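Anchor point for the sequence shown: position 99 equals 102 in this note's numbering, and the numbering is continuous, going up by one each time.
All residues carry an ideal CB built from backbone N, CA and C; glycine is no exception.
These numbers were taken from a predicted model, which means no experiment stands behind them.
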Amino acid sequence: MHNRTFSYIPQKGFAALSWGRILLTLAETMVGIFLPIFLYELFDNNIFFALLFFVLMHGVYGILVPVGAMILDKYGSRLPLLVGVSLSGAFIGSLYGVQAFADVRGVFFLALAFVTTVGFRVFFWMPFHVDFATHTDTAIRGKEVGLMEAGLTIVGTLAPLIAGYLIAWYGYGMLFLASIGVIVVTFIPFLFVPERDITFSWGYIGSFKKLCTRENRNLALSSGLMGIENVIGAVVWPLFIFMLLEGDYAQVGFISSLIVIATVVTELFTGDSLDRYSKKSVLRFWTVFSALGWFIKIFVATAFQIFAVGAYHGIVRSLAGVSYEAFFYELAADGGQYVDEYTVIREMAIQFAKVIALLVVMVIILFFHIKWAFLVGLMSALVLNGVLAISSREREVGKR
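Below, the structure written as structure tokens:
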């Protein structure tokens, strides 16, 4: 079992992309897990303005996804990846400016933060997903995705802990400076990503037309529903924890780290098992338990319950996430010359679904406690299960 999981030499492209993303995730997670909280406090504890930042960010990025594909088509993957990393550093630097100035300069830096975080996504995610799909081995793609996700989880364990104590002892400024330091190191692995010729054939308007076609419906729906769960977990859950723990940054970071620790071995196991079972079936199986996790989160009321329920849901969402990533990369790679087109569908669907989810959350919290927003994640998981079931049934009928 041990040999089957680790005894292989990864492709150069896979290694460079994985290490690059792991380092980038360390820098971004140090900031990202506290970003909703930072914005919440920046806007005088106005949750609507904090959520509006994310609504606009995901909406604008969704509109610009095809532009990212066009940049990839013209310049290859390495240059956009490096530009994306640079913009990520500029985003974190802008946040430093936001917290440093309480006058009109702070407003300028907030606008700059918005522009740079959207720019990062436009330049980075298209080449990353396209390259990752083409640089992974078909026979062991689930294993490779599991290995990368386990690496992401390890740094995800450290990041909240480091971030929580940096904020508690030194403030947000030191957190942002530390993250920028990690960003600088992130350039190194991306310098070694092999170039590949990619041709984007749809164009800008054509991408929106393809998003709505019947043949891409299942990919768009499944990606969008996964995106909804992700944004509830990334934005609403940290805000809920922060409110429940009454603003204790260190405790938020510590509990978040404990939650993440529980998922590492699980991701490695899942990635290996995915190469022996249907990725879609495994994903469908875990969506049921993910829905249960969202339901239980509604009743969380103590720090211990945050850890226990968060650990359970973290493991389940990790299992579903690895299954989805492996399923998508396999689908994209099988698409051959259309690997970038599949990635455009995925990214647009995810972003627009996140916008819809956050708008629904904003309506919910007008009338109810923020915990009831977890129902959005619950419904997303259940609908995803149904979409996967219908997709499998249609495929079986098509084979007859």
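Cβ-Cβ distance between residue i and residue j below 7 Å
{"i": "Val133", "j": "Val347", "result": "no"}
{"i": "Lys357", "j": "Val239", "result": "no"}
{"i": "Ala384", "j": "Ala294", "result": "yes"}
{"i": "Pro69", "j": "Tyr168", "result": "no"}
{"i": "Ala223", "j": "Ala352", "result": "yes"}
{"i": "Ile25", "j": "Leu178", "result": "no"}
{"i": "Ala30", "j": "Ile186", "result": "yes"}
{"i": "Phe193", "j": "Gly79", "result": "no"}
{"i": "Val101", "j": "Gly109", "result": "yes"}
{"i": "His138", "j": "Gly324", "result": "no"}
8 Å contact criterion, which residue i and residue j should meet: CB distance rounded
{"i": "Leu228", "j": "Val386", "result": "6 Å"}
{"i": "Ile231", "j": "Asp76", "result": "Contact doesn't hold; Cβ gap of about 29 Å is too wide."}
{"i": "Thr119", "j": "Leu90", "result": "5 Å"}
{"i": "Ile40", "j": "Phe377", "result": "Going by Cβ atoms, the distance from Ile40 to Phe377 rounds to 18 Å, so no, they are not a contact pair."}
{"i": "Val196", "j": "Leu20", "result": "6 Å"}
{"i": "Ile170", "j": "Phe37", "result": "7 Å"}
Top-ranked residue by Cα proximity to residue i, from the options
{"i": "Met73", "options": "Leu98, Ser21, Phe127", "result": "Phe127"}
{"i": "Gly380", "options": "Trp297, Ser321, Tyr315, Thr156", "result": "Trp297"}
{"i": "Gly92", "options": "Phe56, His61, Gly184, Leu222", "result": "Gly184"}
{"i": "Phe243", "options": "Thr305, Glu198, Phe203, Leu286", "result": "Thr305"}
{"i": "Met318", "options": "Ser204, Ile231, Gly149, Ile393", "result": "Note on identity: in this sequence residue 318 is Ile, with Met being the wrong assignment. Ranking the options by Cα distance to Ile318, first place goes to Gly149."}
{"i": "Asn219", "options": "Gln308, Glu344, Ala19, Phe302", "result": "Glu344"}
{"i": "Gly159", "options": "Tyr173, Gly35, Arg108", "result": "Gly35"}
{"i": "Ala53", "options": "Pro241, Ile393, Tyr64", "result": "Pro241"}
{"i": "Trp205", "options": "Phe46, Val363, Met60, Gly71", "result": "Gly71"}
{"i": "Val291", "options": "Ala105, Gly79, Gly389", "result": "Gly389"}
{"i": "Leu362", "options": "Asp106, Phe51, Met33", "result": "Phe51"}
{"i": "Phe355", "options": "Leu38, Glu198, Gly62", "result": "Gly62"}
{"i": "Gly96", "options": "Arg199, Gly16, Ala181", "result": "Ala181"}
{"i": "Met382", "options": "Val364, Leu369, Ile368", "result": "Val364"}
{"i": "Leu85", "options": "Glu198, Leu42, Met60", "result": "Glu198"}
{"i": "His316", "options": "Glu249, Tyr173, Lys300", "result": "Lys300"}
{"i": "Trp289", "options": "Gln308, Ile309, Phe307, Leu322", "result": "Leu322"}
{"i": "Glu328", "options": "Gly209, Ile309, Ser226", "result": "Ser226"}
Residue i versus residue j - alpha carbon distance
{"i": "Ala116", "j": "Asn49", "result": "19 Å"}
{"i": "Pro130", "j": "Lys374", "result": "36 Å"}
{"i": "Phe371", "j": "Gly236", "result": "18 Å"}
{"i": "His5", "j": "Glu152", "result": "Because the pLDDT at His5 is just 40, under 50, the model does not fix this residue reliably, and the point stays unresolved."}
{"i": "Arg124", "j": "Ser284", "result": "30 Å"}
{"i": "Leu247", "j": "Ala103", "result": "27 Å"}
{"i": "Arg7", "j": "Val88", "result": "With a pLDDT of 41 at Arg7, under the threshold of 50, the modelled position of this residue cannot be trusted, and the question is left open."}
{"i": "Glu350", "j": "Lys212", "result": "14 Å"}
{"i": "Phe302", "j": "Gly65", "result": "33 Å"}
{"i": "Phe112", "j": "Phe56", "result": "14 Å"}
{"i": "Ala392", "j": "Arg287", "result": "8 Å"}
{"i": "Ser326", "j": "Ala136", "result": "14 Å"}
{"i": "Ala314", "j": "Ala114", "result": "35 Å"}
{"i": "Leu161", "j": "Thr28", "result": "11 Å"}
{"i": "Ile359", "j": "Arg320", "result": "21 Å"}
{"i": "Pro83", "j": "Cys215", "result": "27 Å"}
{"i": "Leu67", "j": "Arg217", "result": "22 Å"}
{"i": "Tyr175", "j": "Thr32", "result": "14 Å"}
{"i": "Glu44", "j": "Leu98", "result": "13 Å"}
{"i": "Ala18", "j": "Ile157", "result": "16 Å"}
{"i": "Asn221", "j": "Asp106", "result": "48 Å"}
{"i": "Leu369", "j": "Phe331", "result": "36 Å"}
{"i": "Tyr173", "j": "Phe307", "result": "26 Å"}
{"i": "Glu147", "j": "Arg81", "result": "21 Å"}
{"i": "Ile409", "j": "Ser210", "result": "Outside the displayed range of the chain (4 to 403) lies residue 409, so it cannot be described from this structure."}
{"i": "Phe94", "j": "Val366", "result": "29 Å"}
{"i": "Leu42", "j": "Met60", "result": "13 Å"}
{"i": "Phe203", "j": "Glu249", "result": "49 Å"}
C-beta neighbour in chain D for residue i, strict 7 Å
{"i": "Ile318", "result": "Although the question refers to chain D, the structure presented lacks it and comprises just one protein chain."}
Which runs of the alpha helix (DSSP H) spanning at least 4 residues fall entirely within the region 123-189, listed in chain order?
-> The region 123-189 contains these whole alpha helix (DSSP H) runs: 144-173.
Within the region 337-370, ranges of the alpha helix (DSSP H) (whole runs, at least 4 residues) | Here the runs fully enclosed are 342-370.
Report the residue ranges of all alpha helix (DSSP H) runs contained in full by the region 183-251; include only those spanning at least 4 residues, in chain order.
-> Listed in chain order, the alpha helix (DSSP H) elements of length 4 or more contained wholly in the region 183-251 are 207-214, 220-234, 240-247.
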